[in-house]
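Numbered according to our numbering, the first sequence spans residues 15 to 118. Take a look at the structure set out below.
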Amino acid sequence: MRGSFTEKVFNIVKQIPEGRVSAYSDIACALSRGSARAVGSALRRSPGMPEVPCHRVVLKSGRLGGFSGPGGVPGKKLLLEREGVRVYSGRVAEFEQIRWKPAP
DNA sequence: AGCGTGACGAACT
DNA sequence: TAGTTCGCCACGC
Numbered sequence: 015m016r017g018s019f020t021e022k023v024f025n026i027v028k029q030i031p032e033g034r035v036s037a038y039s040d041i042a043c044a045l046s047r048g049s050a051r052a053v054g055s056a057l058r059r060s061p062g063m064p065e066v067p068c069h070r071v072v073l074k075s076g077r078l079g080g081f082s083g084p085g086g087v088p089g090k091k092l093l094l095e096r097e098g099v100r101v102y103s104g105r106v107a108e109f110e111q112i113r114w115k116p117a118p
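Spelled out as structure tokens, the structure:
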């Protein structure tokens, strides 16, 4: 069993709809606890797809950030594009519009 | 029980 | 504009 913080992060990430993305800081904020960095640490240890669609979590700036899963960051980009999320120059196109925020 | 390590973010040089 | 520094905080050793 992982720490409860990590479990909560997974729980939220699972709720991100296909074709939408969220930011590390958004998740940390929704939990009223931790930090974007802590969320990153949690996702790094996540089981990955299809259990947890961790590729839908990006930097607040709209840039991809990191990815430890198969294919590394390029793999993350492919997964997003496959869902209809356009990625341009390492950035999510129209990020603010497809940005999904977790329920408080 | 303490220390080092990041899939962050913002400020600073 | 690019590279560095600092604050952040859960987790593994």
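Even glycine gets a Cβ: it sits at the ideal position worked out from N, Cα and C. A quick note: this is a predicted structure, and the numbers were derived from the prediction, not measured.
#1: Cα separation between R100 and I41?
#2: Just checking my contact of R70 with V35 at CB under 8 Å: how many whole Å lie between their CB atoms?
#3: Excluding the 5 residues preceding and the 5 following F109 in the sequence, name in chain order all residues of the same chain whose CB lies nearer than 6 Å to its CB.
#4: Check whether the stretch 18-38 and the stretch 91-98 touch, using three or more Cβ-Cβ pairs below 8 Å as the test.
#5: Within 10 angstroms of the Cβ of A56, are there 16 or more other Cβ atoms? Answer buried if so, exposed if not.
#6: Give every residue of the same chain whose Cβ lies closer than 8 Å to the Cβ of S160, excluding the five residues on either side of it in the sequence, and list them in chain order.
#7: What's the call for G54, buried or exposed, on a 16-neighbour Cβ count within 10 Å?
Checking against the coordinates, here is how it stands:
#1: One Cα belongs to R100, the other to I41, and the distance between them is close to 22 Å.
#2: Right, their Cβ atoms sit about 5 Å apart.
#3: Closer than 6 Å at Cβ, skipping near neighbours: G76.
#4: Between the stretch 18-38 and the stretch 91-98, the count of C-beta pairs closer than 8 Å reaches three or more; the two stretches touch.
#5: Counting Cβ neighbours within 10 Å, A56 comes out buried, since at least 16 surround it.
#6: Summary: the structure shown does not reach residue 160, with the chain confined to residues 15 through 118, and so no result is reported for it.
#7: Label assigned to G54: buried.
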